[in-house]
Amino acid sequence: MSRVAVVTGGTRGIGAAISVALKSAGYRVAANYAGNDEKAKAFHEESGVPVFKWDVSNYEACGEGIAKVEAEIGPVEVLINNAGITRDAMFHKMTPQQWHEVVNTNLTGLFNMTHQVWNGMRDRSFGRVVNISSINGQKGQMGQANYSAAKAGDLGFTKALAQEGATKNITVNAICPGYIGTEMVLAVPEKVLSERIIPQIPVGRLGEPTEVARCVVFLVSDDAGFITGSTLTANGGQLLV
Ligand code: CAA
0 MSRVAVVTGG TRGIGAAISV ALKSAGYRVA ANYAGNDEKA KAFHEESGVP
50 VFKWDVSNYE ACGEGIAKVE AEIGPVEVLI NNAGITRDAM FHKMTPQQWH
100 EVVNTNLTGL FNMTHQVWNG MRDRSFGRVV NISSINGQKG QMGQANYSAA
150 KAGDLGFTKA LAQEGATKNI TVNAICPGYI GTEMVLAVPE KVLSERIIPQ
200 IPVGRLGEPT EVARCVVFLV SDDAGFITGS TLTANGGQLL V
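At position 38 of the sequence shown (counting the first as 1) the number is 37 in numbering that gives the first Met the number 0, and the numbers step up by one without a gap.
Here it is, written out as structure tokens:
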């Protein structure tokens with residue numbers, strides 16, 4: 000029987016590409032989303048991937064959501080923590096709400112989700128967790144004190160959990176995408192994108208969501224069993240670490 004994979008934020012942007020790539024690789028995929036019913040419906044109709052609505056920043060909602068996925072599809076063996084939001088603002092203008100919304104989704108969301116599936120993975124002695132961090136968690140980004148802090152936190156979470164999961168055949172890895180051509184990046188003011196960001200990318204273009212999705216497919220495969228606690232960067236050469 001094929002493995003069950005949950006992709007948070009799995010109906011749009013990078014997450015949608017991950018859901019589709021995992022389905023194509025033979026996984027039974029559940030795509031989570033938080034708010035945009037219309038996009039989720041369109042994604043489901045186009046891809047055939049079942050969609051489930053809950054907010055990853057809400058611990059109880061994550062528990063209920065995973066219970067529903069497991070009842071309908073099966074025990075979760077692969078978790079892709081992809082859901083993320085931006086509330087960009089220069090720090091002197093950033094509100095506590097902008098800080099908390101980003102940290103609650105982009106960092107605490109990883110705790111909320113992974114905690115629901117961790118014991119099952121331990122009991123079955125198999126698991127794959129991939130956390131989608133960001134180049135901006137590695138290098139920091141002006142206008143993103145909240146986002147950079149949360150995404151850097153995702154890397155610490157990955158490394159700690161990798162050590163805990165290792166003896167149970169659970170791998171935990173992170174991917175740091177650079178600037179990928181999604182709605183999130185295209186929301187950056189055009190002048191900033193074309194004059195400040197793209198010139199910093201040696202390959203001279205934004206990345207494609209599928210280029211991140213292929214990294215995920217590799218990291219969750221049996222072939223990647225010796226890779227844990229690692230950070231895979233996919234950023235067109237913008238930051239060499
Ligand atoms: N890189 C370099 N310079 C930047 C910058 C960036 N990413 N963002 C802003 N700046 C510069 C602006 O060009 C401007 O410089 P000048 O005064 O010399 O023109 C200065 O910072 C102030 O910017 P604004 O005039 O735009 O100030 P604002 O208060 O109106 O808006 C902002 C600030 C909301 C941060 C806005 O500039 C913005 O959205 N910037 C983009 C921030 C960014 O890179 N976000 C990444 C989103 S994509 C993502 O998060 C996905 C991922 O993981 C990579």
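Beta carbons are placed, not taken as given, at the ideal position from N, Cα and C, and that holds for glycine.
Note that the structure is a prediction, hence the values are computed from the model and not measured.
Exposed unless 16 or more other CB atoms sit within 10 angstroms - verdict on residue i
| i | result |
| --- | --- |
| F90 | exposed |
| M112 | buried |
| A16 | buried |
| F225 | exposed |
| V191 | exposed |
| G108 | buried |
| P198 | exposed |
| V219 | buried |
Whether residue i touches residue j by CB criterion (7 angstroms)
| i | j | result |
| --- | --- | --- |
| M120 | I72 | no |
| S56 | N103 | yes |
| W53 | G64 | yes |
| G206 | G236 | no |
| V5 | V75 | yes |
| L154 | A173 | yes |
| G9 | S18 | yes |
| R175 | I200 | Note that residue 175 corresponds to Cys in the displayed sequence, not to Arg. No, these two residues do not count as a Cβ contact at 7 angstroms. |
| V211 | A20 | no |
| G14 | N81 | yes |
| Y32 | A39 | yes |
| G152 | L106 | yes |
Proximity test, residue i beta-carbon vs the ligand FMN heavy atom, cut-off 6 angstroms
| i | result |
| --- | --- |
| A88 | The ligand FMN is not part of this structure, which contains only the ligand CAA. |
Selected residue, minimal CA-CA separation from residue i, among the options
| i | options | result |
| --- | --- | --- |
| V101 | S132, T113, H114 | S132 |
| I84 | M0, V187, K167, R204 | V187 |
| E29 | T10, E37, G12, P49 | It should be pointed out that residue 29 corresponds to Ala in this sequence rather than to Glu. Closest option to A29, Cα to Cα, is P49. |
| F79 | A66, R86, V128 | Looking at the sequence provided, one finds Ile at residue 79 rather than Phe. Minimum Cα distance to I79 is reached at V128. |
| D87 | T166, G139, G108 | G139 |
| T227 | S220, F217, G8, A165 | A165 |
| K150 | G142, Y32, Q137 | Q137 |
| S46 | M0, L218, R11, T157 | R11 |
| Y146 | R27, Q97, I179, E182 | Q97 |
| T181 | R204, Q162, L106, A70 | R204 |
| D122 | K167, V219, S229 | K167 |
| C214 | T157, E37, A233, D221 | A233 |
| M93 | L106, A66, A144 | A144 |
| T230 | D222, V240, E163 | V240 |
CB-CB length for residue i against residue j, believed under 8 angstroms
| i | j | result |
| --- | --- | --- |
| V68 | R2 | Their Cβ separation, rounded to whole angstroms, is 13 angstroms, which puts V68 and R2 out of contact at 8 angstroms. |
DSSP bridge partner residues for residue i (one or two, in chain order)
| i | result |
| --- | --- |
| C175 | T232 |
| V5 | A29, L78 |
| R127 | V77, T170 |
| V50 | A30 |
| G206 | I179 |
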